[in-house]
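Just so you know, the protein sequences line up as chains B and C, in that order. Heads up: the first sequence runs through residues 1 to 667, numbered per the numbering used here. Heads up: the second sequence runs through residues 668 to 1175, numbered per the numbering used here. Ideal Cβ positions, reconstructed from N, Cα and C, are used throughout, including at glycine. Written out below as structure tokens is the structure these notes cover.
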Amino acid sequence: MIQLLVFLPLLTALVAGLGGRVIGNVPAKIVTTAGLFASAGLAWVIFARFWLSGAQGFDVPVLDWIQSGDLSVHWAFKVDTLTAVMLVVVTTVSALVHLYSWGYMAEDPSQPRFFAYLSLFTFAMLMLVTADNLVQMFFGWEGVGLASYLLIGFWYHKPSANAAAIKAFVVNRVGDFGFSLGIFATFMVFGTVSIDAILAAVPGQAGATFSFLGHSVDVMTTLCLLLFVGAMGKSAQLGLHTWLPDAMEGPTPVSALIHAATMVTAGVFMVCRLSPMFEASVTAQAVVTYVGAATALFAASVALVQTDIKRVIAYSTCSQLGYMFFAAGSGAYGAAMFHLFTHAFFKALLFLGAGSVIHAMHHEQDMRFYGGLRKHIPITFALMTIGTLALTGFFFTAGYYSKDAILEAAFASGMTHGQFAFLVGAFVALLTSFYSWRLVFLTFYGSPRWAGSEHIQHALHDAHDGHHAPATGTGGYHPHESPVSMLIPLFILGAGALGAGWLWHTHFVGPEGGEFWRGSLAFRKDLMLAMEHVPIWVVWTPSVAFFAGLLGAWYAYLRAPHLPARAAGAVPALYAFLTHKWYFDELYDAIFVRPAFAIGRFLWVRGDQQVIDRFGPDGVAAAVAGGARAAKRFQTGYVYSYALVMLVGLAVAAAWFLPAAFGLAGK
Amino acid sequence: MPMLSIMILLPVLAALLLVMLPGVDARRARLVALVTTLVEFVLALMLWQRFENAGAAFQFVEKLPLFAPYLDWHLGIDGIALMLILLSVFLMPLCILASWESVQKRVPEYMAAFLVMESLMIGTFAARDIFLFYLFFEAGLIPMFLIIGIWGGARRIYASYKFFLYTLLGSVLMLVGMIYMVGVAGSTDIGVLSLYDFDPHAQFWLFLAFFASFAVKMPMWPVHTWLPDAHVEAPTAGSVILAGVLLKLGGYGFVRFSLPMFTDASAQLIWLVFGLSMVAVVYTSLVALVQNDMKKLIAYSSVAHMAFVTAGLFALNTQGIEGSLVMMLSHGLVSGALFLCVGVVYDRLHTREIARYGGLADTMPRYALLLLFFTMASVGLPATSGFVAEFLVLIGLYQTSSWATLIMTTGIILGAAYMLWLYRRVAFGAAAGDDTRAMPDLSLREVAILLPITAAVLWMGIYPASFQAPMKPAVASIVERLKGRELATLPTDMTTLRPAVTAEMAAQ
């Protein structure tokens, strides 16, 4: 069953990708979408077994892969509760995104390619979450990276999309650099890359040290941090986050699937999968927590000033991933996975909702040209509101349960980094509420500001040529609600965003969660019990943050709409700092990208041409025969004779030396 | 049946026929070459099929005294030689096909040069006599020299003389070393020499003499500058053989001579190899990033990949050496395919300048897909042969020097950068001109050239055991021979951890 579930998307990807031109658009779309729905059905069956009937985890070997000396790597599937949760998330969102893309991509000329990439991505992601060893996980890891590269650059005519695709791949490779070294070091320490064997041997290595530059360094800390660099790359944590906002160049369904619900959560999944390793190193946990908290704060602060609807949601994703990491760093792996699970629903909903808005607004993504859309696309409006409620943690929505669990766990962890994360997390909850409602108010409320948009003007000009619209108002444009294929996924995800938290919170984060997880991650029952005894103000903090953010956004964008501009003008330095995303791109460009090209050019011209060649072959030629004469003789076609001279010369040399050599042996 | 002799002599005979017989036109020459190389491939498959994977003994051994005691016609293969022979004869028919239309000048001679080269390459890998090896090893350069010099591009003379100068210097030193060794050990049999314990002091100088030759062939930094020029000027098929097989001679030399014969020197001089390899990866990757010529870019990437081979070999452990051997095979396939891909567009537009292309994903979708595949294989994406190779090399190297691994692993970042930057400029964006837009997609012949390589790359990436199995006993015997040599490792390396852990694990 698991084999079918995983390989079906690969099969359909190959059919649609290689045969798309032969079988045509619609069959390609049917094959991939049907394949994904079948996989999703199987995933839910597997999940139900772990959720309801207490099935035990199992391993399914497929094929030998790399054998060398003590190293033994297999293709194999490992299925347990943690995997089952991921299977459900990945296949469900993927199936819905496939369906959604029928409508969203309807006018695109290369639809089979798009659907093939989506299915290929899903296959790689499934390989990642079912990996029973680190190398297969790395296979999935790089596979999703490839699919992400292809999908970000799907519209390869756009230079910005190409740049974003390369950036995503290369920045992820920086993370993979750490992940690779982590695998090498893990193999050296444990003598295996099998996850089960490693985790079983972790207690024996806790506290072991090695000497590095005269300092004693903890082994487990080193391993965890190296692996965590990989997680930071894939999950866009501070420092390696720069690719994620740019990845919004890809079609919006891609953003929902890859850059919100699934691929970017791979880092969180990895930390949870290897949670016993991280439990063996307090330092590594602290680093994970601080990085997570810093990312949550950074991304939320940047989201406040973004005007592109997709970028707001992208930074929001980055920020929510930060939450997941500091939950994991605080020891609440169940809470991290729970937030991953609920986030998949409401963030995919928000992205697909944003796609619906973009669809209605003729590809305009700038919220400054939205406004008043709630009457024109009421269904999208309603579902986006549900998504926003869940993201900002309104009572009894999915985000309410998972975000509360994270903040309470961080507080209850009793460690300094946990307390710090709680404070940051509470503040970020306020920011989240503010920027999320800002998005809703700017898009759906107020009066239309559509006329200023070039995209809208294009649409109007297409319709009736030569007519010049006024700079404000609707400009005579009429947005339409999206087709049914795009709305069904929104409804399903909306249901998840409302109900997933309520339905599953006792399993994921309750004190009895250990029976749900069944050893698939390091479940700290003491922490879960301590969460039930946190002070009442801690319990209420997220809700207060929700209302404060909502109120603030309402005041700033509906009540007093001139306030934001005035606020930006009052602190121009801070505003510029935020709009430039803390200057990360500029910094990296200055210290990595431009120097790499400059050094490359320097080494090529100075190194290869002016040093090595000059004193090497060119110099030798000049010295031996006099450069000009040698070149002239070569040019008159003496190549043959030179070859012959070489051969004869060598033969003579051999004949001369050989007897002497044997004479030497005789002595 | 003397399989190896037949495989060596058959192409030479065919070449003689082509050159000697009157009335051989271009069409017949192509056909004869194709049939001959296909027969060679089938013969090699038979070798593979009959090869016993168990045991390190040499198989298909033939011995015929020629000029005893100086030179015997002594042949035999182990798994390493078998795999490299397979690689050579697999690429050969593809090269003939690739030259089918693009070479119109002196076709019979051209085909003869390739056939002679095939003989010499098989001879190099199959030779069990050190001087026989030397003859094949050096003579193999002559056809390549001619191919570049006669059928090459505008600066072919400069390129071929550079190629010649570099390799000559190394060869002479190696020959002196060989003569000394034969003198001391009293045998020209490579098997005997491999088991002879040379004086450690002499080993040091012998190692350097051989190193001079192999480092040029690899090529290692800083003796790599002949390669970009040679590639740029060589015709497509010449580049394929140069990258696919000739670059493997250096690595083969290291594994056949340096490691088993100069064990102490190898263990003591790993820092030299690691140092040059580390520089090569970073240096040539950065240089590759700024290239405007497709072939130069791929040539520089070859130098970076070959640095993985040297570093892995001198990790002196099973994973490192096996990884290096897989890397040699993988690079032979992948870079060969990349040069073929360049050849495809060169045949259409007659320029290698990257800026003249663009938007091929629109106009040549089949081409763009295959180029993407080989790009990904080059950057070592898992499930391609490149990953298995890189992974084994690095995991082996990590156990010998984590410092060197740290630097070498940056290659996966830089490699992605220059290859994707190349792919973006060639396949994405808009076409540079109307002539670029008018290029037709892959023909059936071109698909037939590239698809077998695709299949081999995937096979080696997903189930490398088929290729590793014959090589394992040979590698094991080398590792066994190296065991107990004192390694020169850097202090404060994480690898100092190793003994403590294994002891602890044993106690558990």
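Chain B has a Cβ within less than 8 Å of the Cβ of M1043/C. Taken atom to atom, the span from the alpha-carbon of M994/C to that of V702/C is near 29 Å.
Neighbours of G1096/C in chain B, taken as residues at a C-beta separation under 8 Å, are given in chain order as Y156, H157, P159 and N162. Taking 8 Å as the threshold, the shortest C-beta distance from Q67/B to chain C falls below it. Straight across, the Cα-Cα distance linking A412/B with R524/B is about 12 Å. For V1055/C, the chain B residues whose C-beta falls within less than 7 Å of its own C-beta are I66, listed in chain order. Per the Cβ contact rule, the segment 789-804 of chain C is in contact with the segment 831-846 of chain C (3 or more Cβ pairs under 8 Å). Taking 7 Å as the cut-off between beta carbons, the residues of the segment 1077-1103 of chain C near chain B are T1077, I1079, I1080, A1083, A1084, L1087, W1088, R1091, F1095, G1096 and A1097, in sequence order. Residue pairing for A131/B: DSSP places it in a beta bridge opposite F77/B. Within chain B, the C-beta atoms nearer than 8 Å to that of N984/C come from G69, in chain order. L1149/C has its alpha-carbon roughly 35 Å from the corresponding atom of M1043/C.
Annotated as distal: A336/B and A344/B, with beta-carbon spacing of 8 Å or more.
By the rule that beta-carbons nearer than 8 Å mark a contact, A185/B touches chain C. Under the Cβ criterion (8 Å, minimum of three pairs), the segment 397-416 of chain B does not count as touching the segment 370-377 of chain B.
Not one beta carbon of chain B lies nearer than 8 Å to the beta carbon of I797/C. In the structure shown, H741/C adopts extended strand secondary structure according to DSSP, grouped into three states. Closer than 8 Å to the CB of V174/B there is at least one CB belonging to chain C. H215/B: member of the beta strand (DSSP E) spanning H215 to D218, first to last residue. Of the residues L1048/C, V1093/C and A765/C, the one whose Cα lies closest to the Cα of L1125/C is L1048/C. Bounds of any beta strand (DSSP E) do not take in E785/C; it lies within the alpha helix (DSSP H) bounded by V774 to A793.
Around the beta carbon of V922/C, 16 or more other beta carbons lie within 10 angstroms, which makes this residue buried.
Excluding its 5 nearest sequence neighbours in each direction, V1046/C has C-beta neighbours in its own chain below 8 Å: G1053, I1079, G1082, A1083, M1086 and L1087, listed in chain order. Taking CB atoms only, A966/C has no neighbour in chain B less than 8 Å away. The alpha helix (DSSP H) runs of length 4 or more contained entirely in the segment 355-392 of chain B are, from start to end of the chain, 378-392. Of all residues in the segment 586-603 of chain B, the ones placed with a Cβ closer than 7 Å to any Cβ belonging to chain C are A596, F597, I599, G600, R601 and L603, in chain order.
In the three-state reduction of the DSSP assignment, Q306/B falls in the coil class, being assigned neither a helical nor a strand state. Around the beta carbon of T221/B, 16 or more other beta carbons sit within 10 angstroms, so the residue counts as buried. By the criterion of a C-beta distance shorter than 8 Å, Y583/B is surrounded in its chain by F577, once the five residues flanking it on both sides are discounted. I815/C is not a Cβ neighbour of E707/C, given a cutoff of 8 Å. With fewer than three CB-CB distances shorter than 8 Å, the segment 733-746 of chain C does not count as touching the segment 881-893 of chain C.
Secondary-structure assignment with DSSP links I66/B through a beta bridge to V73/B.
Within the same chain, and ignoring the five residues on either side of Y1065/C in sequence, the residues whose Cβ sits closer than 7 Å to its Cβ are T1072. The segment 538-546 of chain B and the segment 423-432 of chain B touch, with three or more beta-carbon pairs separated by less than 8 Å. The segment 38-52 of chain B makes no contact with the segment 1108-1115 of chain C; the number of CB pairs closer than 8 Å stays below 3. Looking at the DSSP output, P61/B sits in a beta bridge with A76/B.
Closest in C-alpha terms to A165/B, from the list Q457/B, A16/B, V254/B and A185/B, comes V254/B.
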